[in-house]
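Asks:
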Amino acid sequence: MIRLGPAAGYPFDGPRLLGGWTPPPVAAVYAVLYKPDPDTRPERYAVIYVGQGEDLSREHFPFRHPRAACWVARAGSRWKVHICTYEVPGGLPAHREQIVRELTAVYHPRCNAPTRRPVPGS
309 MIRLGPAAGY
319 PFDGPRLLGG
329 WTPPPVAAVY
339 AVLYKPDPDT
349 RPERYAVIYV
359 GQGEDLSREH
369 FPFRHPRAAC
379 WVARAGSRWK
389 VHICTYEVPG
399 GLPAHREQIV
409 RELTAVYHPR
419 CNAPTRRPVP
429 GS
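The sequence shown maps to residues 309 to 430 in our numbering.
(1) Give the DSSP-derived three-state secondary structure of LEU431 in the structure shown.
(2) If you run the structure through DSSP and keep just helix, strand and coil, what is ARG349?
(3) Who are the near neighbours of PRO314 in its chain, counting only those whose CB is closer than 7 Å to its CB and skipping five residues on each side?
(4) Below 8 Å on the Cβ atoms is my guess for PRO417 versus VAL355; work out the distance and round it to an integer in Å.
(5) Please classify THR393 as buried or exposed, where buried requires at least 16 other C-beta atoms within 10 Å of its C-beta.
(6) Any idea what DSSP makes of ALA354, helix, strand or coil?
(7) For VAL389, which beta-bridge partners are listed by DSSP?
(8) So if DSSP puts ASP363 in a beta bridge, which residue, or which two residues, is it bridged to?
(9) Is ALA335 closer than 8 Å to GLU405 when the C-beta atoms are compared?
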């Protein structure tokens, strides 16, 4: 279990290695993490993406998710990407989206940033 978010935070299950993980068919908020200093601080994780889904088994995990390339680039290898999940009590989409906004405001995960597209003529 890992706590993420403001104050006491939300109790997320995990983290676990994303590669080889089978996502359950549940509604949840998820955070993608990596270890920025695995040799000196192996217990420390950095949040690189936060999302939510009505059914995690349909989110294209582990590596077909639209932002997966960013996760792998940030972590350095697909075998260094971790995930944790939080099944929100009551679990309405609006509540999950609010938690995603809170976590994004706290951690500023780089892989949540919009993908830049080239501007024609530039």
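We put the beta carbon where it would ideally sit given N, CA and C, even for glycine. Keep in mind that this is a model prediction, so the values were computed, not measured.
Replies: Straight from the coordinates:
(1) Only positions 309 to 430 of the chain appear in this structure, which leaves residue 431 out of reach.
(2) Counting from one through the sequence shown, the residue named residue 349 turns up at place 41. Reduced to three states, the DSSP call for ARG349 is coil.
(3) The residue given as residue 314 occupies position 6 in the sequence shown. Closer than 7 Å at the Cβ level, and outside the excluded window around PRO314, lie GLU410 and VAL414.
(4) Taking the first residue of the sequence shown as position 1, residue 417 is located at position 109. Taking the first residue of the sequence shown as position 1, residue 355 is located at position 47. Contact flag correct, Cβ pair sits at about 5 Å.
(5) Residue 393 sits at position 85 when you count from the first residue of the sequence shown. Counting Cβ neighbours within 10 Å, THR393 comes out buried, since at least 16 surround it.
(6) Locating residue 354 in the sequence shown gives position 46, where the first residue counts as 1. In the structure shown, ALA354 sits in a strand (DSSP, three-state: E or B).
(7) Here residue 389 refers to the residue found at position 81 of the sequence shown. Its beta-bridge partners do not exist; DSSP assigns none.
(8) Looking up residue 363 in the sequence shown gives position 55. Per DSSP, none; premise fails for ASP363.
(9) Working through the sequence shown from its first residue, we reach residue 405 at position 97. Working through the sequence shown from its first residue, we reach residue 335 at position 27. No, Cβ-Cβ distance for GLU405 and ALA335 is not below 8 Å.
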